[in-house]
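> Using our numbering, read the sequence shown as starting at 92 and increasing by one per residue.
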Amino acid sequence: MRICLILTALLSSVCSANDWPRFRGSDGNAAAPAANIPLTWSESENLLWKQPLPGHGSSSPAVFSDRIYLTAWSGYGLEPDEPGDRADLKLHVLCLDRDTGKVIWDRSMDAAADEQNVTRRIADHGFATGTPAVDAHGVYAYFGVSGLIAFSHDGEQLWHKQTGTKTAGFGTAASPITYRNLVIINASIESQTVFAFDHTTGKEAWKIEGIERSWTTPIVGRSESGRDELIISYRMQVRGFDPLQGKELWTCEGIQDYVVPCVVTRSGIAWVIGGRKNQSMAIKLGGSGNVTESHRLWDTNVGANVTSPIIHEGRLYWASDRGIANCLDASTGDVIYQSRLGSKGRVYASAVLANRHLFIPTRGDGVIVAPLSDEFKEVHRNTIEGDEGIYNATPAITGDRLLLRTHSHLYCIGSK
Numbered sequence: 092m093r094i095c096l097i098l099t100a101l102l103s104s105v106c107s108a109n110d111w112p113r114f115r116g117s118d119g120n121a122a123a124p125a126a127n128i129p130l131t132w133s134e135s136e137n138l139l140w141k142q143p144l145p146g147h148g149s150s151s152p153a154v155f156s157d158r159i160y161l162t163a164w165s166g167y168g169l170e171p172d173e174p175g176d177r178a179d180l181k182l183h184v185l186c187l188d189r190d191t192g193k194v195i196w197d198r199s200m201d202a203a204a205d206e207q208n209v210t211r212r213i214a215d216h217g218f219a220t221g222t223p224a225v226d227a228h229g230v231y232a233y234f235g236v237s238g239l240i241a242f243s244h245d246g247e248q249l250w251h252k253q254t255g256t257k258t259a260g261f262g263t264a265a266s267p268i269t270y271r272n273l274v275i276i277n278a279s280i281e282s283q284t285v286f287a288f289d290h291t292t293g294k295e296a297w298k299i300e301g302i303e304r305s306w307t308t309p310i311v312g313r314s315e316s317g318r319d320e321l322i323i324s325y326r327m328q329v330r331g332f333d334p335l336q337g338k339e340l341w342t343c344e345g346i347q348d349y350v351v352p353c354v355v356t357r358s359g360i361a362w363v364i365g366g367r368k369n370q371s372m373a374i375k376l377g378g379s380g381n382v383t384e385s386h387r388l389w390d391t392n393v394g395a396n397v398t399s400p401i402i403h404e405g406r407l408y409w410a411s412d413r414g415i416a417n418c419l420d421a422s423t424g425d426v427i428y429q430s431r432l433g434s435k436g437r438v439y440a441s442a443v444l445a446n447r448h449l450f451i452p453t454r455g456d457g458v459i460v461a462p463l464s465d466e467f468k469e470v471h472r473n474t475i476e477g478d479e480g481i482y483n484a485t486p487a488i489t490g491d492r493l494l495l496r497t498h499s500h501l502y503c504i505g506s507k
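(1) If you scan the segment 310-348 from start to end, which runs of the beta strand (DSSP E) of 3 or more residues do you find wholly inside it?
(2) Below 8 Å between beta carbons: does that hold for G229 and H244?
(3) Return the CA-CA distance between A178 and N208, expressed in angstroms with no decimal places.
(4) Tell me V230's beta-bridge partners as DSSP assigns them.
(5) Report yes if the C-beta distance between E134 and G477 is below 8 Å; otherwise report no.
(6) Can you tell me which of the three DSSP states V354 falls into?
(7) Return the chain-ordered list of same chain residues with a C-beta closer than 8 Å to the C-beta of L102, the five sequence neighbours on each side being excluded.
(8) Is the beta carbon of A395 less than 8 Å from the beta carbon of I374?
(9) Below 7 Å CB to CB, which residues in the same chain sit around C503 once its five sequence neighbours on both sides are set aside?
(10) Tell me, which residues are paired with D425 by DSSP?
(11) Starting from H500, trace the alpha helix (DSSP H) in both directions and tell me its first and last residue.
(12) Which residue or residues does DSSP assign as beta-bridge partners of S165?
(13) On the criterion of 16 or more Cβ atoms from any shown chain inside 10 Å, does P171 qualify as buried, or is it exposed?
(14) Whether or not the segment 434-444 and the segment 418-425 are in contact is what I'm after, with contact meaning three or more pairs of Cβ atoms, one per stretch, closer than 8 Å; do they touch?
(15) Should V363 be labelled buried (16 or more other beta-carbon atoms within 10 Å of its own) or exposed?
(16) Between T391 and G414, which are expected to be in contact by the criterion C-beta below 8 Å, what is the C-beta distance as a whole number of angstroms?
(17) Alpha carbon to alpha carbon, how far is A287 from P143? Give it in angstroms, no decimals.
(18) Reducing DSSP to helix, strand and coil, say where I213 ends up.
(19) If I measure Cβ to Cβ from N448 and keep anything under 6 Å in the same chain, skipping five residues before and after, which residues do I get?
(20) Would H386 be called buried (16 or more neighbouring beta carbons within 10 Å of its own) or exposed?
(21) Identify every residue that forms a DSSP beta bridge with S199.
(22) Comparing C-alpha positions only, which one of R318, Q370, A122 sits nearest to D376?
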């Protein structure tokens, strides 16, 4: 069965509708417009299955063929007031059956000695924040100072690489991505470096140094000429690189602060947001050297500090961590709407788009459902009774199903 899965994936040039093989989906845009996701759910409605998890986590599910991959942590720091013994901290990579939620395998490892002690700020996000990336060869999970670890689809450890020993008050956040035979990870927090490793051997292919104050996951976009460009957003700069060799192609003045949100790309353009004061901009790909004047299309003081945008039909959508729903004209940066969500808490997870609707997880007030429109309107707010766990994780979409992760469970939402 595993051999058939791998051969099928190798022979296919595009992901199937069921696959969501990295943070925010195969293209990093968190959208599956054709997916027929139910607009309402509860413990008794449109809940296909739920699976208790062995620990907490803020990472999202990744889906490859008939399997779901997820990270978690256990043993320490689950309750900030009574964190327990730091030596008991375990980091988990899980594999679950897509159709039933049953755990197929659970591989755990001890955290590195350099892992920081829990604080309330760390507990807010936890020790399992990076979403796994998956390809036909294996699954790749990142745990900051505890390293990047690769497993086969059957749970055999393939390799384990360290990327640095530094920590920060927010913890780590970046997720790995795959590109051809490479696994790429932004280890800005751990070593101010972006690394690329061969997915089979774990051998370092290249590295880019000097990447400061960046918690974001990189993305590969394509210019109008067809050139693939690895785009990295960090404090004060956005830069494009050759993803196979790590050589710089261009640089542009970027967010004037540290960066958490992901870049999104479409039709030869990259949209960048971030910063505590909030900023967003559009950059045309395909340039060379400093492209601030030649390729930056617009720049505006609207954005988000944590959450990432979606590009769809000429518009940018996101809900900021401050609880504000935003919609911008992607070609000009003009505001179409800004509206408060009416949520008591902050928003850490990013929205996803399906079925002509946005699905926006709030930390403690359920998942808001809003149609694509010229104005923001909440049409549903869904909760699952009996689960008091917070939503820190961006949802994933597989086929016509929505995968939601709280601290305690993974839920599969779909029409029965």
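A virtual CB, placed ideally from N, CA and C, is assigned to each residue, including glycine.
Per the coordinate set shown:
(1) 310-313, 319-325, 328-332, 339-344
(2) yes
(3) 10 Å
(4) V225, F242
(5) yes
(6) coil
(7) Here the model assigns L102 a pLDDT of 35, short of 50, so the residue's position is not dependable, and the following value carries that caveat. Excluding the 5 residues flanking it on each side, L102 has no same chain C-beta neighbour closer than 8 Å.
(8) Taking 8 Å as the cut-off, the beta carbon of A395 is found no closer than this to the beta carbon of I374.
(9) L139, W140, G192, R492, L494
(10) As computed with DSSP, D425 is found in no beta bridge at all.
(11) Looking at the DSSP string, H500 is not in any alpha helix (DSSP H); the run it does join, the beta strand (DSSP E), is 500-504.
(12) K181
(13) Exposed, because fewer than 16 other Cβ atoms sit within 10 Å of the Cβ of P171.
(14) At 8 Å Cβ cutoff, the stretches do not touch.
(15) Taking all protein chains shown into account, V363 has 16 or more neighbouring C-beta atoms within 10 Å of its C-beta and is therefore buried.
(16) Actually they are not in contact, since the Cβ atoms of T391 and G414 sit about 20 Å apart, beyond 8 Å.
(17) 34 Å
(18) helix
(19) In the sequence as displayed, the identity of residue 448 is His instead of Asn. Same-chain partners within the cutoff: V460, P462.
(20) buried
(21) Assignment of beta-bridge partners to S199 by DSSP yields H183.
(22) Strictly speaking, residue 376 in this sequence is Leu, with Asp absent from that position. Of R318, Q370, A122, the residue nearest in Cα terms is R318.
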